[in-house]
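Written out below as structure tokens is the structure these notes cover.
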Amino acid sequence: MSDYKKAKSVEQLIPIEERYRHIRPRPQLPNFAAHIDGVDLTRPFSDAVRAELYQALLDFEVLFFAPQELTPEQHLELAAVFGPVAQGAYFPRKDSHPQIEVLATDADHPASVDHWHSDLSWLENPPAGTVIQLTEVPEVGGDTAWASMSKAFAALSPGLRDYLRGLDATHTWETSQWRNYLANLGEEVLINSIRQFKPVVHPVVLKHPESGKELLFVNETFTRQINGVSALESREILRLLTSWVKQPEFIYTHKWQANGIAVWDNRSTQHYALADYWPQRRLNHRVTFNARGRAGEIDNTLAAVGGLGVTSKVAYGY
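Per the numbering used here, the very first residue in the sequence shown carries number 1035; after that it's consecutive.
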């Protein structure tokens, strides 16, 4: 029997001094959530810095950079360090750069992404990661929390890990608040979304293709059911797992400054945007990217369903 009292700990820390020569990661939890010092994101990246940034994302799963005012081109270039730019979700787009999503919340559009999720797990090939910059932040509040799915999986008992490795689950945007948002964009947009992005199936446990880490890949927002088991078993397993990942040992909560930047691996983390700052304003620019070796997207998700340029009267879900 495993010693559950040790299961949440990390036996061996990543050897930062040996592995990194051009950047300096400062993890905030053991092997998780690293602040990256000494990198000017407004200047071209050397090959050595590119390689170490990519390695740092594999090692620490979410990275943070000191506030720097990026142009849209520099934002896209940072995402391209990790992989080709992906299609993103249904959020509105920056007029001049439709690859950049714009998430604006204010007195008229209260925050509404305060739930744990992995971005676009409802796609057949979800994006490998995401780069965001908060250009405007509330005076107080508006933090974002990330949870490590490698830590969460490793802390489970061996028997439960074995059981979960044999399962897959159905993911769909239709279980989320996207349905209300899309309906507000118009009946045609909603119908196109239902036709274009049908439910997909993913393993409950992913093996990261680069790091080799085993990861829990279910979330409370987009995972509809565990397949091949009774409805009761599915509900209870999902209830256990979606509660399990919220333990503080797996979570780092980041306090934002204006023009702060974060990059995360979408396969090995979930995140939660705290909704505690209404009526203050928060402005987030987001770019998703695919895994290296997989092509970028020609079209974006919002354009694919006829929603590009359509203005919603509500924020996501409301």
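No residue lacks a Cβ here, since even glycine has one placed at the ideal position from N, Cα and C.
Remember, predicted model here, so these are calculated numbers, not experimental data.
Backbone secondary structure at residue i - three-state DSSP
i       : result
LYS1185 : helix
ASN1355 : There is simply no residue 1355 to check, as the chain begins at 1035 and stops at 1352 in what is shown.
TYR1352 : At TYR1352 the pLDDT is 48, less than 50, meaning the model places this residue with poor confidence and gives no usable figure here.
ASP1196 : helix
PHE1066 : strand
ALA1090 : helix
THR1355 : The shown model of the chain, from 1035 to 1352, leaves out residue 1355, and the question about it has no answer.
LEU1168 : strand
ASP1177 : coil
PRO1061 : strand
ASP1129 : coil
THR1139 : strand
HIS1109 : helix
Local Cβ density within 10 Å of residue i, reported as buried at 16 or more and exposed below that
i       : result
PRO1049 : exposed
MET1035 : In this prediction, MET1035 scores a pLDDT of 47, lower than 50, which makes its location untrustworthy; the coordinate-derived value is nonetheless stated afterwards. Exposed.
VAL1147 : buried
ALA1367 : Outside the shown range of the chain, which is 1035 to 1352, sits residue 1367, and nothing can be said about it.
SER1043 : exposed
TYR1311 : buried
LYS1241 : exposed
GLY1122 : buried
PRO1282 : exposed
C-beta atoms of residue i and residue j nearer than 8 Å
i       : j       : result
HIS1109 : ALA1082 : no
ASP1136 : GLY1220 : At residue 1136 the sequence reads Val, which differs from the Asp that was named. The answer is no: Cβ separation not under 8 Å.
SER1182 : SER1080 : no
GLU1170 : ARG1316 : yes
PHE1284 : LYS1185 : yes
HIS1151 : THR1255 : yes
TYR1124 : GLY1341 : yes
TRP1298 : THR1164 : yes
ASN1214 : VAL1235 : no
VAL1115 : ARG1084 : yes
ALA1090 : ALA1325 : no
TRP1278 : TRP1207 : no
ASP1074 : ARG1060 : no
Completely contained alpha helix (DSSP H) runs for the region 1213-1288, where each covers 4 or more residues: For the region 1213-1288, whole alpha helix (DSSP H) runs of length 4 or above, ordered along the chain, are 1221-1230, 1265-1278.
Stretch pair the region 1190-1205 + the region 1319-1338: three plus CB contacts closer than 8 Å: Between the region 1190-1205 and the region 1319-1338 there are fewer than three inter-stretch CB-CB distances shorter than 8 Å, so the stretches are not counted as touching.
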